[in-house]
Amino acid sequence: MASPEHPGSPGWMGPITQCATGTEQEAAATGPDLSCPGPDEHLGKDSHRSQDPQKGSPPKGGRRHTVRFADTPGGPSPNSSMTTGELQEYWRKEKRGWRRVKLLFEVASARIEERKVSKFVMYQIVVIQTGSFDSNKAVLERRYSDFETLQKNLLKTFREEIEDVVFPKKHLMGNFTEEMISERKLAFKEYLSLLYAIRCVRRSREFIDFLTRPELREAFGCLRGGQYTRALDILVRVVPLQEKLTAHCPVMVVPALCAMLVCHRDLERPAEAFAVGERALQCLQAREGHRYYAPLLDAMIRLAYTLGRDFISLQKRLQESQLRKPTPWGLTLKELTVREYLY
Numbered sequence: 001m002a003s004p005e006h007p008g009s010p011g012w013m014g015p016i017t018q019c020a021t022g023t024e025q026e027a028a029a030t031g032p033d034l035s036c037p038g039p040d041e042h043l044g045k046d047s048h049r050s051q052d053p054q055k056g057s058p059p060k061g062g063r064r065h066t067v068r069f070a071d072t073p074g075g076p077s078p079n080s081s082m083t084t085g086e087l088q089e090y091w092r093k094e095k096r097g098w099r100r101v102k103l104l105f106e107v108a109s110a111r112i113e114e115r116k117v118s119k120f121v122m123y124q125i126v127v128i129q130t131g132s133f134d135s136n137k138a139v140l141e142r143r144y145s146d147f148e149t150l151q152k153n154l155l156k157t158f159r160e161e162i163e164d165v166v167f168p169k170k171h172l173m174g175n176f177t178e179e180m181i182s183e184r185k186l187a188f189k190e191y192l193s194l195l196y197a198i199r200c201v202r203r204s205r206e207f208i209d210f211l212t213r214p215e216l217r218e219a220f221g222c223l224r225g226g227q228y229t230r231a232l233d234i235l236v237r238v239v240p241l242q243e244k245l246t247a248h249c250p251v252m253v254v255p256a257l258c259a260m261l262v263c264h265r266d267l268e269r270p271a272e273a274f275a276v277g278e279r280a281l282q283c284l285q286a287r288e289g290h291r292y293y294a295p296l297l298d299a300m301i302r303l304a305y306t307l308g309r310d311f312i313s314l315q316k317r318l319q320e321s322q323l324r325k326p327t328p329w330g331l332t333l334k335e336l337t338v339r340e341y342l343y
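Mapping to full-length UniProt numbering: the sequence shown position 58 is 58, numbers consecutive.
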């Protein structure tokens, strides 16, 4: 068996003879508000031209254009001719796929919870992605005080932006009547929808934390306690929502993805661990100075070695990263993840 002291083993950090050419470029993240490039962005002033080899002859009076089409991803082939009407129809269809991801908030139900010293209403929030079938709808519960905390936090930073957003008033009595609960459900649905409509608010740490932090704290607590199956159950539910909320900054989801890797690995599921690790690396792109970059690559090298996959390229990537931007790291990926969401 290869050992860390010899080349070819996952722990080997000595020189490797063949170095990869070039460096990995960091891709710009496309946020939920950034539309995909349209015809003008791909081709300039002559861009409203396309082709479809299967289109018939132009209608009477129609003018057929023969164009050289740029290599638009998913677009038509480089050479063809289309009428003006066909071009317009083509781009109408294309634009349907450029709309940003939108989330729809529903307060589906509510339940009264009684504890020894308190009684309150828990509201069930369902978050789904509109425009397509969403198999990963998020379901979470929050109480009035959680909404109230969100409002107070947002007012500190976005007072002007949310001045027209009405927050449901607090009542001293009648909070547990069916009428009041129904009224609050509608009010909270409207409240979340209005907040999400404000770009700076929906991208804020306060808004994202309101929707994901309680579940993430529970999941990381289970991870610290060695309850890997329970931690995974929670992460599988909350990570898709976190990814939708942080599409403008994918690196924000890296700690949760790394926690999933650790859980799968410690449950002896190396293939699942490697797959989620690839997602985490994709989120990091070329952020070689990020605190998770080196520990994640180190974990991926070991997983690749265990699975019999190409770990040499990962070793080269880590070595070249350290040569370009030396970043001392003394913590393993697990030691790093267990320090997240302590408070």
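Think of the CB as a built atom: it goes at the ideal place given N, C-alpha and C, for glycine as much as any other residue.
It should be emphasised that the depicted structure is a prediction, and the values quoted were computed from it without experimental measurement.
For this session: Look up leucine 267 in the DSSP assignment and say whether it is helix, strand or coil.
Result: coil
Exercise. If you check the beta carbons only, do arginine 142 and isoleucine 125 fall under 9 Å apart?
Worked result: yes
Problem set entry | Among Thr157, Glu160, Ala108 and Leu150, nearest to lysine 137 - alpha-carbon criterion | Ala108
Problem set entry | 4-residue-minimum alpha helix (DSSP H) runs that sit fully inside the segment 110 to 179, ordered along the chain | 144 to 158
Exercise. Mind checking glutamate 114: buried by the 16 CB within 10 Å criterion, or exposed?
Worked result: exposed
Exercise. Since threonine 84 sits in a beta bridge, which residues does DSSP pair it with?
Worked result: In DSSP, threonine 84 forms no bridge with anything.
Exercise. Are the segment 277 to 294 and the segment 323 to 332 touching by the rule of at least three beta carbon pairs closer than 8 Å?
Worked result: yes
Exercise. What residues are listed by DSSP as bridge partners for valine 107?
Worked result: Ile125
Exercise. Within this structure, are the beta carbons of leucine 155 and leucine 211 separated by less than 9 Å?
Worked result: no
Problem set entry | Beta-carbon separation (whole angstroms), cysteine 200 vs phenylalanine 158, contact threshold 8 Å | 6 Å
Problem set entry | 8 Å contact criterion, which leucine 303 and arginine 265 should meet: CB distance rounded | 7 Å
For this session: Tell me, to the nearest whole angstrom, how far the beta carbon of alanine 247 is from that of alanine 231; I am working on the premise that it is less than 8 Å.
Result: About 24 Å; that fails the 8 Å criterion.
Exercise. CB-CB under 7 Å to methionine 122, same chain, minus the five flanking residues each way: which ones, in chain order?
Worked result: Ala110, Arg111, Glu113, Glu141 and Arg143
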